[in-house]
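Below you'll find the structure, written out as structure tokens, and then a few comments.
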Amino acid sequence: DDNSLRRVYTAITDWWCRRASVPKDVGLKLPGKLVEATLEIYNTIKRELLPTPMKSHYTYNMRDISKVWQGVSMIGEAPQNQLELIRLWSHETLRVFHDRLVNDEDRMWFFSFLKQMVDRHTGQKFDKVFAAWDFDKNGTVDIVELRRLMFASFMDGAGAEGKYAEVKDVDAMQRLVTEQLVEYNQSGKMRMDLVLFLYAAEHICRISRVIRQDLGNALLVGVGGSGRQSLTRIAAFMAEFEVYSIEITKSYTQVEWRDDLKNVLRKAGGEGSPTVFLFNDTQIKMESFLEDINNILNTGEVPNMFAKDETAQVIDMVTPRAVKAGVNAGSRADLFQFFVDECRRNLHMVLCFSPVGDAFRERLRKFPSLVNCCTIDWF
Numbered sequence: 001d002d003n004s005l006r007r008v009y010t011a012i013t014d015w016w017c018r019r020a021s022v023p024k025d026v027g028l029k030l031p032g033k034l035v036e037a038t039l040e041i042y043n044t045i046k047r048e049l050l051p052t053p054m055k056s057h058y059t060y061n062m063r064d065i066s067k068v069w070q071g072v073s074m075i076g077e078a079p080q081n082q083l084e085l086i087r088l089w090s091h092e093t094l095r096v097f098h099d100r101l102v103n104d105e106d107r108m109w110f111f112s113f114l115k116q117m118v119d120r121h122t123g124q125k126f127d128k129v130f131a132a133w134d135f136d137k138n139g140t141v142d143i144v145e146l147r148r149l150m151f152a153s154f155m156d157g158a159g160a161e162g163k164y165a166e167v168k169d170v171d172a173m174q175r176l177v178t179e180q181l182v183e184y185n186q187s188g189k190m191r192m193d194l195v196l197f198l199y200a201a202e203h204i205c206r207i208s209r210v211i212r213q214d215l216g217n218a219l220l221v222g223v224g225g226s227g228r229q230s231l232t233r234i235a236a237f238m239a240e241f242e243v244y245s246i247e248i249t250k251s252y253t254q255v256e257w258r259d260d261l262k263n264v265l266r267k268a269g270g271e272g273s274p275t276v277f278l279f280n281d282t283q284i285k286m287e288s289f290l291e292d293i294n295n296i297l298n299t300g301e302v303p304n305m306f307a308k309d310e311t312a313q314v315i316d317m318v319t320p321r322a323v324k325a326g327v328n329a330g331s332r333a334d335l336f337q338f339f340v341d342e343c344r345r346n347l348h349m350v351l352c353f354s355p356v357g358d359a360f361r362e363r364l365r366k367f368p369s370l371v372n373c374c375t376i377d378w379f
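Numbered according to the UniProt record's numbering, the sequence shown spans residues 1 to 379.
This is the structure we're talking about:
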């Protein structure tokens, strides 16, 4: 019930405020109010934006509340005043709840509701909190202006170590991403000819945010040619993550698929390399592929996929790291569990699906982890 959730998340936010050295005047009362606002958003959106045949992914669960606070806790430097914390929290609720919305009507509803939540719960006025985004200086911030509210971990150019921070200059961010694209094209990877306007920059920030989170997986929904795969490759390149994708041939079967999965899990779990597994729905030769993806999203493994000798191999790969982390080296079960946990931490599934036709709806129904364990971004 809400009281239990309130207690749990208030305890988590209090702990985060202490750990991140949030100033007392910011961390004392505001986090509790933002927990209250998050719960109200969650309960209201579940009631108001119901799934329909065209919006089958409009399902919300308690992981979404966690995702908001996971996003808040990514911040590199603690918010120094209430306005900074409210902006960070607003950004994270937009990413978790708003980015899956399919039309302007639903987005407008959510924007207005978020505005109400800030006004009602925080003791601050939304338009004051976001005054710097009031570009037409008419005293109110609208949904188009707020598109330029972005946070990113790549502005300091520190790759995998980048600090998550508010993007103060969106134009500078677009220039930086364009420079990174040039660098990507010079790195010998498959060349991409893209024009990185605001729309592309928004989605790069969203993908970058998800893949840098522990257990961060993304479901990118859009038609072919909307840039989902290219933008994922740039986001991964800037994070210094490897991108793994499969190559479908006429003779590609369940056997080759399982070999590919084992390879990517060895890389992420065995070697401990942050890896993006980029997969699109045109590669689904058999629905059993999705069953395996569903399992990996949910638990980090496909039950009984590794043969005995392969299990021994991955255990050997992780043993030095596992022992360092305090795992009992005498227990093969504990060592294999460490491998699975490393897979979950380092492997980031980015699934590119098209919403056209019945297949999308049917797949989400059959494989609920595609929604429950992914952050959804509608292109």
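Every residue, glycine too, gets a C-beta built ideally from N, C-alpha and C.
Per DSSP, cross-strand counterpart(s) of residue i
{"i": "Glu242", "result": "Thr275"}
{"i": "Glu77", "result": "DSSP output for Glu77 lists no bridge partner at all."}
{"i": "Phe353", "result": "Val221"}
{"i": "Tyr164", "result": "Ile75"}
{"i": "Phe126", "result": "Beta-bridge pairing links Phe126 to no other residue."}
{"i": "Leu152", "result": "Here residue 152 is Ala; the residue named in the question, Leu, does not match the sequence. Paired residue(s): Ala165."}
Where residue i falls: helix, strand or coil (DSSP)
{"i": "Ile315", "result": "helix"}
{"i": "Asp377", "result": "strand"}
{"i": "residue 438", "result": "The structure shown has nothing for residue 438, since the chain only spans 1 to 379."}
{"i": "residue 416", "result": "In the structure as shown, the chain begins at 1 and stops at 379. Residue 416 is therefore absent and cannot be evaluated."}
{"i": "Ala158", "result": "coil"}
{"i": "Tyr252", "result": "coil"}
{"i": "Ser226", "result": "coil"}
{"i": "Leu83", "result": "helix"}
{"i": "Lys33", "result": "helix"}
{"i": "Glu179", "result": "helix"}
{"i": "Arg212", "result": "coil"}
{"i": "Glu287", "result": "coil"}
{"i": "Pro53", "result": "helix"}
{"i": "Ile296", "result": "helix"}
{"i": "Val26", "result": "helix"}
{"i": "Asn61", "result": "coil"}
{"i": "Met192", "result": "coil"}
{"i": "Arg100", "result": "coil"}
{"i": "Ala307", "result": "coil"}
{"i": "Ile143", "result": "coil"}
{"i": "Lys137", "result": "coil"}
{"i": "Asp2", "result": "helix"}
{"i": "Ser112", "result": "helix"}
{"i": "Asp358", "result": "coil"}
{"i": "Phe367", "result": "coil"}
{"i": "Phe237", "result": "helix"}
{"i": "Glu105", "result": "helix"}
{"i": "Val118", "result": "helix"}
{"i": "Ala172", "result": "helix"}
Beta-carbon proximity of residue i to residue j, cut-off 9 angstroms
{"i": "Leu88", "j": "Phe135", "result": "no"}
{"i": "Leu290", "j": "Lys366", "result": "yes"}
{"i": "Pro23", "j": "Asn81", "result": "yes"}
{"i": "Leu94", "j": "Leu219", "result": "no"}
{"i": "Thr44", "j": "Pro51", "result": "no"}
{"i": "Ala200", "j": "Gly157", "result": "no"}
{"i": "His91", "j": "Ile376", "result": "no"}
{"i": "Met286", "j": "Gly162", "result": "no"}
{"i": "Thr232", "j": "Ile207", "result": "yes"}
{"i": "Asn288", "j": "Arg209", "result": "The sequence given here has Ser at residue 288, not Asn. Cβ atoms of Ser288 and Arg209: not closer than 9 angstroms."}
{"i": "Leu340", "j": "Gly300", "result": "As written in the sequence, residue 340 is Val, which differs from the Leu given in the question. Going by C-beta atoms, Val340 is nearer than 9 angstroms to Gly300."}
{"i": "Gln213", "j": "Gly27", "result": "no"}
{"i": "Asp281", "j": "Ala359", "result": "yes"}
{"i": "Asn295", "j": "Asn372", "result": "no"}
{"i": "His121", "j": "Glu36", "result": "yes"}
{"i": "Val302", "j": "Asp292", "result": "yes"}
{"i": "Ile86", "j": "Val141", "result": "no"}
{"i": "Tyr184", "j": "Met173", "result": "no"}
{"i": "Trp378", "j": "Arg100", "result": "yes"}
{"i": "Arg19", "j": "Leu215", "result": "no"}
{"i": "residue 443", "j": "Tyr9", "result": "This structure cannot speak to residue 443, because the chain is shown only from 1 to 379."}
{"i": "Leu194", "j": "Leu181", "result": "yes"}
{"i": "Phe353", "j": "Val221", "result": "yes"}
Any C-beta of chain D under 9 angstroms from that of residue i
{"i": "Ala11", "result": "Included in the structure is just one protein chain, with no chain D present."}
request  = Jot down the residue ranges of each uninterrupted alpha helix (DSSP H) in the stretch 323–348, minimum 4 residues, whole runs only, in chain order.
outcome  = Whole alpha helix (DSSP H) segments, 4+ residues: 332–346.
ask   = Per the contact definition of three or more C-beta pairs closer than 8 angstroms, is the stretch 34–41 in contact with the stretch 346–354?
value = No, because fewer than three Cβ pairs between the stretch 346–354 and the stretch 34–41 fall closer than 8 angstroms, the two stretches do not touch.
query = How do the stretch 314–323 and the stretch 257–271 stand: do at least 3 beta-carbon pairs fall below 8 angstroms, yes or no?
reply = Touching, yes.
request  = State whether the stretch 325–332 contacts the stretch 246–255, with contact taken as three or more CB pairs (one from each stretch) at a distance under 8 angstroms.
outcome  = Output reads no: the stretch 246–255 does not touch the stretch 325–332.
inquiry  = I want to know whether the stretch 119–138 touches the stretch 231–247 - three or more CB-CB distances under 8 angstroms.
reply    = No, the stretch 119–138 does not touch the stretch 231–247.
message = Counting beta carbon pairs with one atom in the stretch 67–83 and one in the stretch 106–117, are three or more of them shorter than 8 angstroms?
response = The answer is no - the stretch 67–83 does not touch the stretch 106–117, with fewer than three Cβ pairs under 8 angstroms.
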